[in-house]
Amino acid sequence: RLDLLHSYGILDTEPELAFDRITAMATRMFNCEFAIISLVDRDRVWYKSVQGLDIDEEARHGSFCENVIKPGHFDEITGDVFTVLDAKDAKKDSRFINHPLVAE
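1 is the number of the first residue of the sequence shown in the working numbering; add one for each residue after it.
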């Protein structure tokens, strides 16, 4: 996963309008305060596009994304293993109650 991520050469690049349009559209479509396109590196989560927050990366440990990339379900079609993150109210979820994005 990390080798493939690094092969794209996208980490630490400048903002791009195409990604910013996606996050802007997501905030409107889902009527939410913020939207993020994130890439999970070895020790950090880097944000390619952020709407509604002033943040560009965070530590991987304890992040929402860390919980998504944990081994979970096997997709027979793609061969990918993924976890579905269902956190309807992060303020009440013990995994995230102290997370900086939840505390704001």
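From the three backbone atoms N, C-alpha and C, an ideal C-beta is built for every residue, glycine too.
- The alpha-carbon separation between Leu39 and Val45 amounts to approximately 6 angstroms.
- Burial is judged here by how many other beta carbons sit within 10 angstroms of a residue's own beta carbon; Glu14 has fewer than 16 and is exposed.
- In the DSSP assignment, Leu39 falls within the unbroken beta strand (DSSP E) covering Ala35 to Val40.
- At a Cβ-Cβ threshold of 8 angstroms, Asp41 and Leu4 do not count as neighbours.
- Counting only the Cα atoms, Gly62 lies some 11 angstroms from Val68.
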